[in-house]
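Numbering of the sequence shown is given in my numbering, commencing with residue 276 and proceeding in unit increments. Okay, structure first, notes after.
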Amino acid sequence: GHVDALTNGSIGIIEKAGDLRIGTIQSNAGDVSLESAEGLLYDINGVDGVTAWVIGNSIGLRALNGGIGSGSNLLEIDSSHQAAGTVSALANDTIFLNETTGDLNLDGVASVHADVSLHTLSGSILDAIVEAEDLADIQGRNIDLLVNGGGIGAVDNDVEIDGAGSHKQNNSLQINTSQ
Numbered sequence: 276g277h278v279d280a281l282t283n284g285s286i287g288i289i290e291k292a293g294d295l296r297i298g299t300i301q302s303n304a305g306d307v308s309l310e311s312a313e314g315l316l317y318d319i320n321g322v323d324g325v326t327a328w329v330i331g332n333s334i335g336l337r338a339l340n341g342g343i344g345s346g347s348n349l350l351e352i353d354s355s356h357q358a359a360g361t362v363s364a365l366a367n368d369t370i371f372l373n374e375t376t377g378d379l380n381l382d383g384v385a386s387v388h389a390d391v392s393l394h395t396l397s398g399s400i401l402d403a404i405v406e407a408e409d410l411a412d413i414q415g416r417n418i419d420l421l422v423n424g425g426g427i428g429a430v431d432n433d434v435e436i437d438g439a440g441s442h443k444q445n446n447s448l449q450i451n452t453s454q
């Protein structure tokens with residue numbers, strides 16, 4: 276099975292056992308929070324690349340014992356759908372996200388043990404939260420950023436990353452996602 280949801284209010288879904296398999300999760304005027312406590316978080320719609328399957332203003336994604344999306348099927352999202360919003364994601368394993376419309380405004384995206392890949396189809400990847408100290412906006416073992424129709428960061432607000440690289444053995448969490 277899979278989960279579909281459509282509302283004008285906010286959506287909060289936690290899958291307690293197994294994977295959170297997404298059909299379409301859409302809030303027309305609110306925020307979306309999705310969590311898989313024990314497994315993966317991914318869409319069941321196959322490789323599309325342009326259709327958002329998670330839609331809302333702010334989008335929060337958590338996979339505490341798994342990953343979000345996959346290298347062969349990124350999770351397509353449309354954040355800031357009706358009003359300004361941010362994207363936060365936290366996973367034990369890989370994170371693969373594709374913002375289909377506009378800018379990807381980061382709160383924080385962190386993989387504890389694996390890679391992070393963030394894509395936009397028609398916008399920039401921006402740091403939406405100005406921190407008192409330079410905390411990482413993106414953290415992962417390897418970090419791939421692919422931007423179409425925009426840039427990465429702004430002149431007065433860089434996107435900070437913390438990648439494990441080849442000389443770091445442990446990727447200790449240096450980021451605070453507001454989830």
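Glycine included, each C-beta is placed from N, C-alpha and C at the ideal position.
Can you tell me which of 281, 306, 437 puts its alpha carbon nearest to the alpha carbon of residue 270?
The chain is shown from 276 up to 454; residue 270 falls before or after that span and cannot be answered.
Pop quiz: residue 367 and residue 387 are said to be a contact at Cβ under 8 Å. What is the actual Cβ separation, rounded to whole angstroms?
Working through the sequence shown from its first residue, we reach residue 367 at position 92. Working through the sequence shown from its first residue, we reach residue 387 at position 112. Their Cβ separation, rounded to whole angstroms, is 5 Å, which keeps residue 367 and residue 387 in contact under 8 Å.
Counting along the chain, where does the beta strand (DSSP E) carrying residue 318 start and finish?
By 1-based counting over the sequence shown, the position of residue 318 is 43. That run of the beta strand (DSSP E) goes 316-318.
With respect to the beta strand (DSSP E) encompassing residue 373, which residues constitute its N-terminal and C-terminal limits?
Along the sequence shown, one-based indexing puts residue 373 at 98. Its beta strand (DSSP E) spans residues 370-374.
Which stretch, first to last residue, makes up the beta strand (DSSP E) that contains residue 380?
Here residue 380 is taken as the residue at index 105 of the sequence shown, counted from 1. Note, residue 380: beta strand (DSSP E), 379-386.
From the DSSP output, which residues share a beta bridge with residue 432?
Residue 432 sits at position 157 when you count from the first residue of the sequence shown. Beta-bridge pairing links residue 432 to 429.
For residue 283, count neighbouring C-beta atoms within 10 Å of its own C-beta (all shown protein chains included) and say buried if the count is 16 or more, exposed if not.
Here residue 283 refers to the residue found at position 8 of the sequence shown. With fewer than 16 other Cβ atoms within 10 Å, it is exposed.
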